[in-house]
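Following my numbering, the residues of the sequence shown are numbered contiguously, the last one being 1168.
The C-beta atom is built at its ideal place from N, Cα and C for all residues, glycine as well.
Being a predicted model, the structure only gives us computed values, none of them experimental.
Report on the structure given below.
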Amino acid sequence: MKKEDIKKLALSIDGDIFFDQSIKNLNWFNIGGKAEIFFKPKSLKGLIEYLKLYANRGKIFVLGNGSNVLFDDEKYQGTIIKLGKNFSNIALLDRETIIAGAAVTQKKLSEFAKDNNISGLEFMSCIPGSIGGGIRMNSGCFKKEFKDILISIQLVDFKGIMRSIPADKIKFNYRSIELPKDLIFLSATFKGKEKSSFEINNFMKELIIKKELAQPTKIKTGGSTFKNPINQTDKKVWELIRSAVPNETNYGDAIISEKHANFFVNKKNAKSEEMKSLINFVKDQVKKKTGIKLDTEIVIVE
Ligand SMILES: Cc1cc2nc3c(=O)[nH]c(=O)nc-3n(C[C@H](O)[C@H](O)[C@H](O)COP(=O)(O)OP(=O)(O)OC[C@H]3O[C@@H](n4cnc5c(N)ncnc54)[C@H](O)[C@@H]3O)c2cc1C
867 MKKEDIKKLA LSIDGDIFFD QSIKNLNWFN IGGKAEIFFK PKSLKGLIEY LKLYANRGKI
927 FVLGNGSNVL FDDEKYQGTI IKLGKNFSNI ALLDRETIIA GAAVTQKKLS EFAKDNNISG
987 LEFMSCIPGS IGGGIRMNSG CFKKEFKDIL ISIQLVDFKG IMRSIPADKI KFNYRSIELP
1047 KDLIFLSATF KGKEKSSFEI NNFMKELIIK KELAQPTKIK TGGSTFKNPI NQTDKKVWEL
1107 IRSAVPNETN YGDAIISEKH ANFFVNKKNA KSEEMKSLIN FVKDQVKKKT GIKLDTEIVI
1167 VE
């Protein structure tokens, strides 16, 4: 779609459209070129209008908090959509049920649940993503994941058609869900169990400490690079990487974390190509030395 056409459309749409927007600062790796079109809808109406006008005219990628994505150095040819403030509401539906917008952070939702004496969402306090990203990735830690508490998802497809899907109609896998890629999650309903906020708070603190001891914090990373190969070995992926690759392996500023071998880090100015070379090298070495084929958990955006 021509820039001029989009510019004309932009005049009537409830949202902000930017051209050639840098996306480097919108992801935790701090890597990436520009987005041809970057769209921040101001309302659901604006989002649907854009989708209907843009339908079949180019690629779309939905960005959450960018804590699990690796962008390319080249321009993303298409639209990157990021939900903002108007998709960030949280409300209590009954004593154990919460509805949250897709742009709410998982940390904020876990705090809300705690303040309302609802247990079961504590694990989210350890994950730096949004609700939208958490649904797509079926994120989790300490043996709890989204599938354990999700009741339903409200979404719109890339053609602008809205739907609600009950969670029991969705197949959840380890760090993925079986739903088409052309969906934008708008909000989700979660069910926990009543418990005192004091107990919840203590449990959350425990999890946060455990997590900080095991994994690096305050660095430019996308979290776990590869999924644990659960059906192939009892070993964790970081153990396989440690046994197959020297920890000092690097491609430019793309390095392996000293604290956790499955966390790859942009030391300063790593290029996307360097991070991808590191990912491919580690994958090859693990395959050669252990026979195990690793799958990336990080979403590589082409
Ligand atoms: C330091 C660190 C620690 C981490 N620890 C954990 C952990 O313990 N457990 C864990 O599971 N993960 C962990 N992660 C990975 C990451 O935080 C999670 O996968 C998170 O849920 C991703 O959310 P996000 O909003 O950042 O998604 P993004 O990275 O922005 O996107 C991830 C995927 O979700 C899709 N997506 C995002 N929003 C929407 C939406 N509204 N509608 C449709 N699709 C959408 C994107 O298109 C993409 O495919 C960690 C990452 C970091 C950097």
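Checking the DSSP bridge columns, you'll see arginine 1029 partnered with Leu1021.
Its Cα nearest to that of leucine 949, the residue Lys908 stands out among Lys908, Ile1107 and Ile914. By the CB criterion at 7 angstroms, alanine 1110 and glutamine 1081 fall outside the cutoff.
When the beta-carbon positions are compared, isoleucine 1164 and asparagine 934 come within less than 7 angstroms of each other. In this structure, the beta-carbon distance from alanine 876 to isoleucine 946 does not fall below 7 angstroms. Scanning its chain for C-beta atoms nearer than 8 angstroms, with the 5 sequence neighbours on each side dropped, one finds around serine 1018 the residues Ser1030, Ile1031, Pro1032, Ala1033, Ala1054 and Thr1055, in chain order. Relative to ligand 1, asparagine 931 has its C-beta within less than 6 angstroms of a heavy atom. Closest option to proline 1112, judged by alpha-carbon separation, among Pro1095, Lys1155, Gly1089 and Gly912: Lys1155.
Counting of Cβ neighbours within 10 angstroms places asparagine 955 among the exposed residues, the total staying below 16.
Distances from the CB of threonine 1087 to the heavy atoms of ligand 1 include at least one below 6 angstroms. Beta-bridge annotation (DSSP): isoleucine 1066 is not paired with any residue.
Asparagine 1067 sits close to lysine 980, with the two beta carbons spaced by under 7 angstroms. Burial check for arginine 961: the Cβ neighbour count within 10 Å stays below 16, so the residue is exposed.
Leucine 917 sits away from phenylalanine 1051, with the two beta carbons spaced by 7 angstroms or more. Ligand 1 approaches glycine 999 closely enough that one of its heavy atoms is under 6 angstroms from the residue's Cβ. Runs of beta strand (DSSP E) with 3 or more residues, each lying fully within the region 1071-1130, are found at 1087-1090 and 1120-1122, listed in chain order. Annotation for glycine 986: Ile1015, Gly1058 and Lys1059 place their beta carbon closer than 6 angstroms to its own, counting only its chain and skipping 5 residues before and after. It is roughly 44 angstroms from the alpha-carbon of serine 1123 to the alpha-carbon of leucine 919.
Out of Lys925, Asn922 and Lys1102, the CA that lies nearest to the CA of aspartate 1161 is found in Lys1102. DSSP places leucine 1052 in the strand class (E or B) of the three-state scheme. The count of Cβ pairs closer than 8 angstroms, one atom from the region 984-998 and one from the region 921-938, reaches three, so the stretches are in contact. Per DSSP, the beta-bridge partners of tyrosine 942 are Ala901. The shortest C-alpha to C-alpha distance from asparagine 896 to any of Ile1001, Arg1002, Lys1084 and Asp1100 is the one to Lys1084.
Leucine 1144 and serine 1005 have their C-alpha atoms spaced approximately 24 angstroms apart.
Listed as beta-bridge partners of phenylalanine 1038 by DSSP are Ile1043. Bounds of any beta strand (DSSP E) do not take in alanine 968, whose DSSP letter is neither H nor E. Taking every protein chain shown into account, the CB of proline 1095 has 16 or more other CB atoms within 10 angstroms, so this residue is buried.
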